[in-house]
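There are 2 protein chains.
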Amino acid sequence: MLMTAALTSLELKAKLFRGLGDPSRLSILETLRRGPKTVSEIVASTGLSQPNASNHLACLRDCGLVRSEPSGRYVSYALSDDRVAGLLALGEEVLADVARGIYECTRVDRGAGAA
Amino acid sequence: MLMTAALTSLELKAKLFRGLGDPSRLSILETLRRGPKTVSEIVASTGLSQPNASNHLACLRDCGLVRSEPSGRYVSYALSDDRVAGLLALGEEVLADVARGIYECTRVDRGAGAA
DNA sequence: TTGTAATATCACTATACAATGATATATATG
DNA sequence: CATATATATCATTGTATAGTGATATTACAA
Chain P
1 MLMTAALTSL ELKAKLFRGL GDPSRLSILE TLRRGPKTVS EIVASTGLSQ PNASNHLACL
61 RDCGLVRSEP SGRYVSYALS DDRVAGLLAL GEEVLADVAR GIYECTRVDR GAGAA
Chain C
116 MLMTAALTSL ELKAKLFRGL GDPSRLSILE TLRRGPKTVS EIVASTGLSQ PNASNHLACL
176 RDCGLVRSEP SGRYVSYALS DDRVAGLLAL GEEVLADVAR GIYECTRVDR GAGAA
């Protein structure tokens, strides 16, 4: 994806799912599912380093999956929409049936061009 | 992700969404949403190269998002579950509201550690 | 069997991107 | 103002992985 030009609809959708496709970001989103949290609360709850959490939060916010609200020297983050939680829930449902397949999926680690 | 050990639940879920997080794979899934297709039909419909499509299909199949059925020298692929289409549809809904945010999200291209 | 079409795998390259440590910015408090 | 705390950005590195072209495999046909 060169991304210097406009994004196609497919690229947009891929980017949305990619926002959900990282364990650290999922960890943040799962935490936020229980309610809004400040960055430091998120750091404590996820175990991510502060810069790493901040970067992932910036990505999630820029992508519209969470929104942020400054309050004093804290910044509170929350899921931007109930349907984000819906995506997580539906993903869990699908996962319940295909978990074994994904578990055994080693291709993802060797790259799409690999064996 | 080192992946030599067992995958955590978060890693599993991330892998599921990552399967949905690539334009080429989404293109394949959208095509399959209109019904089962052989590899060559998928190649024709998506414009992907044959090896590239085959690799993505193998990944999607191993991850449980599609299933394959050989018939002669053709192999027919189909969505493995209605909820996979559900994820795509829900993603579209969310996208409808956050599209502008994702469109402007340049962070994803510069890496989580970048500005 | 020889050839041809359909699909899968291989070897390689280039790039996207997650993580880290150091540092900058901003808001408070004494 | 000076200091501390909360958050964001910078610069860098390592790795995952998407894409390609060549080749292997499998099934069918003549």
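These protein sequences, in sequence, are chains P and C.
Letter 16 of the first sequence, counting from 1, is numbered 16 in my numbering, and no numbers are missing.
Letter 18 of the second sequence, counting from 1, is numbered 133 in my numbering, and no numbers are missing.
Every residue, glycine too, gets a C-beta built ideally from N, C-alpha and C.
Computed from a predicted structure; not experimentally measured.
Rounded to a whole number of angstroms, what is the C-alpha to C-alpha distance between Tyr77(P) and Gly91(P)?
Going from the Cα of Tyr77(P) to the Cα of Gly91(P) covers about 22 Å.
My output table needs one value for Leu65(P): the three-state DSSP class, helix, strand or coil.
In this structure, Leu65(P) counts as coil in the three-state DSSP scheme.
Between Cys105(P) and chain C, is the shortest Cβ-Cβ distance under 8 Å, so that the two count as touching?
For Cys105(P), the predicted structure reports a pLDDT of 48, less than 50, and the residue's modelled location is therefore unreliable. The matter cannot be settled from this model.
By the criterion of Cβ-Cβ separation under 7 Å, what are the contact partners of Gly136(C) in chain P?
Ordered by position in chain P, the residues that pass the 7 Å Cβ test against Gly136(C) are Ala14, Phe17, Arg18 and Gly21.
May I ask you to verify whether the region 163–181 of chain C touches the region 45–54 of chain P, counting CB pairs closer than 8 Å and requiring at least 3?
Short answer: they don't touch.
Once you ignore the five residues that flank Thr153(C) on each side, which residues in its own chain have a CB closer than 6 Å to its CB?
Cβ neighbours of Thr153(C) beyond the five flanking positions: Tyr189 and Ser191.
For the candidate residues Asp137(C), Pro151(C) and Ala129(C), whose alpha-carbon lies nearest to that of Pro185(C)?
Residue Pro151(C) is the option with its Cα nearest to Pro185(C).
Do we get a CB-CB distance below 8 Å when we pair Ser45(P) with the residues of chain C?
No, because no Cβ of chain C sits closer than 8 Å to the Cβ of Ser45(P).
Measuring straight from C-alpha to C-alpha, what distance separates Val213(C) and Gly187(C)?
Roughly 45 Å separates the two Cα atoms.
Using the three-state DSSP reduction, which class does Thr123(C) fall into: helix, strand or coil?
Coil at Thr123(C), not helix or strand.
Work out the CA separation of Leu180(C) and Val199(C) for me, nearest whole Å.
If I take the Cα positions, the gap works out to 7 Å.
What residues in the region 68–85 of chain P have a beta carbon less than 8 Å from any beta carbon of chain C?
Answer set for the region 68–85 of chain P: Ser80, Asp81, Arg83 and Val84.
Under a Cβ-count criterion, where at least 16 other Cβ atoms within 10 Å of its own Cβ denotes burial, should Glu208(C) be classed as buried or exposed?
Flag for Glu208(C) reads exposed.
Should His171(C) and Ser195(C) be called a contact, given that it needs their Cβ atoms to be closer than 8 Å?
Contact: no.
What does the Cβ neighbour count give for Ser40(P), buried or exposed, with the cut at 16 atoms within 10 Å?
By the neighbour-count rule (16 or more Cβ atoms within 10 Å), Ser40(P) is not buried but exposed.
DSSP beta-bridge partners for Lys37(P)?
Tyr77(P).
So which residues of chain C does Val94(P) contact, with C-beta pairs closer than 7 Å?
Here the neighbours are Leu131, Asp196, Arg198, Val199 and Leu202.
Residues in its own chain within less than 7 Å of Thr31(P) by CB, not counting five upstream and five downstream?
The residues are Lys37, Ile42, Ser45 and Thr46.
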